[in-house]
Amino acid sequence: MLDNLKLSLIILLTGIVVVFAVLVLLIIIIKLYSMAVSSAQSSIEQKKVEKTAQKTDTEEIVEKAETAKAEESDDGSIPGEIIAAIAAAVEVIFGEGAVKVSSVKRAKPVRTSKRRSAWKAAGIAENTRAF
Amino acid sequence: MEFLTQFLESIAGIFQSSGFASLPWQNYIMILVSFVLIYLAVKKQYEPLVLLPIAVGMLLVNLYPAIAMGGQTQYIPVEQYQAMHPGETVKYAQALVDGVMCYAVPEKVGGLLYYLYLGVKHGIYPPLIFLGIGAMTDFGPLISNPKSFILGAAAQIGIFITFIGAILLGFAPNEAGAIGIIGGADGPTAIYVTSILASDLLGPIAVAAYSYMALVPIIQPPIMKLLTTKEERSIKMVQLRQVSKLEKILFPIIVTVVVSLLLPDAATLIGMLMFGNLMRESGVVERISKTAQNELMNIITIFLGLSVGSTATGKVFLSPKTIGIIALGLFAFMMGTASGVIFGKIMCKATGGKVNPLIGSAGVSAVPMAARVSQKVGQEENPSNFLLMHAMGPNVAGVVGSAVAAGVLISILK
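If you read the sequences in order, they're chains A and B. The numbering used here applies: residue 1 is where the first sequence begins, and numbers increase by one. The numbering used here applies: residue 1001 is where the second sequence begins, and numbers increase by one.
Have a look at this one:
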């Protein structure tokens, strides 16, 4: 019985010390990596802001000219608002400033008889999706 | 006349082999206990996902004990078998018995619950449950306020204090360890530790652990109110910061590496918990993450519940030991809650009243029930107070803490 009591005290002390030590260690590690991650992310954001701010008027003019060129390059049947929406969607998907839309072309219309229905297209997408 | 005698003999034979003639009285009491558990699960909805399979497992094993019995194998010396079956293609496994090579010929197949129980016996189900829990858990509140780990650790003190209580009541050290872990209020961890340290006590300990988890809303509030003042319960906590995706992805990896290196015996539980969480947070394996959260979790819950229930046979369950386990389990649970709240008070003082001590009680695992209790008790004092997300930090820290405590107990007592 005395041995068991001695074991109990050992387990009480060991248990409390180890559980607290491990969890306090985790607190320190989480704090450290949270600081590292947030500082890294804020520096990236800072760089982005600086990059945007450094854009000269000349670059803006060139950009506008390119946009105008893009609008001119298609057959003129696509309104400017739709081109702007497409460009915005591309930016959302690939990230701001990652790509630039240089031209928008209307896809060739597919003959109705050959076009897949939405259900068929969904079925093909489901069955050919990579595992 | 002879026909009548044969008829009566047949009827008598059927009666003799029926449960009415062969079951001991303890089994009938356990059948009644299983009815009470079914009632609590169905009518009161106390942890029904776990309690119902446990109750049905308990019912089945006490009605038909063979459902949890293993198969029988006869060992026949190879030469003897070949002499008895000349020219037969032998398909049995061979084993050396008393220096003689024998065929292991299965005579009788075991019961269904015997085979399901192997997942408990070999410690397979609890880590898989942890996988599902990890896939369902958002560790964001814990990452945004890592100090919650202190409360998760504090609530584990009940485990070790109960260990002493169990020793004083005459339990062996390994049994005391398994009983103490009930204080972690974490069913899978309790089952995992018990299956390693004292598998004979699996039935009473699992039933006690899940019963007390179901009774969290009844057990915890009086202790929380007793240990805190009205002012402390009314404290509003500042909103938690947003946690980035990268932090959430790094968290399970770091915790797995740190805990597994420091405490290898906790690696299975923590590894599975964090693997499930990594699947969730990475967002690249949505399909298997959903499987872990739903289908796998549900299947394992059924298997675990039935097999745990099947260990609660009348002979094992109706003993003074079980009463001691039930009482000590409640004590462990209360001590865990109390130590969590006391550490909450200490943190409240240390931060100049920025921490509501009620979130300390959520340090016992029982996710998310214990956090909901903190929210409810806090809102009783101040209806505009929302403690739920703050309490989720200690709550999920409690899961990690109880796994670490389990690792300590296993490493010392195994």
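We put the CB at the ideal spot given by N, CA and C, even for glycine.
Chain B contact for residue i (CB, 9 Å cutoff)
i: Lys31 of chain A; result: yes
i: Gly95 of chain A; result: no
i: Ser137 of chain A; result: Absent from the structure is residue 137 of chain A, since the part of chain A shown begins at 1 and ends at 131.
i: Asn127 of chain A; result: no
i: Val19 of chain A; result: yes
i: Thr14 of chain A; result: yes
i: Ser34 of chain A; result: yes
i: Ser43 of chain A; result: no
i: Val22 of chain A; result: yes
i: Ile78 of chain A; result: no
i: Ser103 of chain A; result: no
Cutoff 9 Å: residue i Cβ touching any chain A Cβ
i: Ser1244 of chain B; result: yes
i: Ile1325 of chain B; result: no
i: Gly1152 of chain B; result: yes
i: Gln1239 of chain B; result: no
i: Pro1173 of chain B; result: yes
i: Phe1160 of chain B; result: yes
i: Gly1070 of chain B; result: no
i: Lys1321 of chain B; result: no
i: Val1033 of chain B; result: no
i: Lys1147 of chain B; result: yes
i: Phe1386 of chain B; result: no
i: Ala1135 of chain B; result: no
i: Ile1054 of chain B; result: no
i: Val1193 of chain B; result: no
i: Leu1413 of chain B; result: yes
i: Glu1286 of chain B; result: no
i: Gln1293 of chain B; result: no
i: Val1258 of chain B; result: yes
C-beta contact flag for residue i and residue j at 9 Å
i: Val1341 of chain B; j: Pro1357 of chain B; result: yes
i: Pro1204 of chain B; j: Ile1302 of chain B; result: no
i: Gly1183 of chain B; j: Val1364 of chain B; result: yes
i: Ala1391 of chain B; j: Ser1374 of chain B; result: yes
i: Ile1270 of chain B; j: Ser1260 of chain B; result: yes
i: Val101 of chain A; j: Ile83 of chain A; result: yes
i: Lys1321 of chain B; j: Phe1171 of chain B; result: yes
i: Ser43 of chain A; j: Val1243 of chain B; result: no
i: Gly1305 of chain B; j: Pro1065 of chain B; result: no
i: Ala1214 of chain B; j: Leu1330 of chain B; result: no
i: Met1237 of chain B; j: Ala1135 of chain B; result: no
i: Val1408 of chain B; j: Val18 of chain A; result: yes
i: Met1069 of chain B; j: Gly1019 of chain B; result: no
i: Gln1156 of chain B; j: Ile16 of chain A; result: yes
i: Val1377 of chain B; j: Asp1200 of chain B; result: no
i: Leu1063 of chain B; j: Gly1140 of chain B; result: no
i: Leu1023 of chain B; j: Ile1300 of chain B; result: no
i: Ala1198 of chain B; j: Ala1185 of chain B; result: no
i: Ile1412 of chain B; j: Ile124 of chain A; result: no
i: Phe1251 of chain B; j: Ile1143 of chain B; result: yes
Simplified DSSP state of residue i, which is helix, strand or coil
i: Ala1104 of chain B; result: strand
i: Val1418 of chain B; result: With chain B covering 1001 to 1414 only, the question about residue 1418 of chain B has no answer from this structure.
i: Ser1289 of chain B; result: helix
i: Asn127 of chain A; result: helix
i: Thr1351 of chain B; result: coil
i: Met35 of chain A; result: helix
i: Ala1185 of chain B; result: coil
i: Asp3 of chain A; result: helix
i: Glu96 of chain A; result: coil
i: Leu1387 of chain B; result: coil
i: Arg106 of chain A; result: coil
i: Lys1414 of chain B; result: coil
i: Thr1322 of chain B; result: helix
i: Glu120 of chain A; result: The sequence given here has Lys at residue 120 of chain A, not Glu. Helix, per DSSP.
i: Pro1394 of chain B; result: helix
i: Lys1376 of chain B; result: helix
i: Leu1169 of chain B; result: coil
i: Val1400 of chain B; result: helix
i: Lys48 of chain A; result: helix
i: Ala1155 of chain B; result: coil
i: Lys1345 of chain B; result: helix
i: Phe1139 of chain B; result: coil
Report yes or no: do the region 1379-1389 of chain B and the region 1203-1210 of chain B share at least 3 C-beta pairs separated by less than 8 Å?
-> no
Could you tell me whether the region 1300-1320 of chain B touches the region 1146-1155 of chain B, where touching means 3 or more Cβ pairs closer than 8 Å?
-> no
Which whole runs of the alpha helix (DSSP H) in the region 1187-1273 of chain B are 4 residues long or more, in chain order?
-> 1187-1197, 1202-1214, 1216-1227, 1230-1233 and 1245-1262
List in chain order: all unbroken alpha helix (DSSP H) runs of 4+ residues lying wholly within the region 1039-1123 of chain B.
-> 1048-1063, 1078-1084 and 1112-1121
Hey, is the region 1080-1092 of chain B in contact with the region 1112-1130 of chain B, meaning 3+ C-beta pairs nearer than 8 Å?
-> no
Validate contact between the region 1272-1292 of chain B and the region 120-128 of chain A using beta carbons, cut 8 Å, 3 pairs = no
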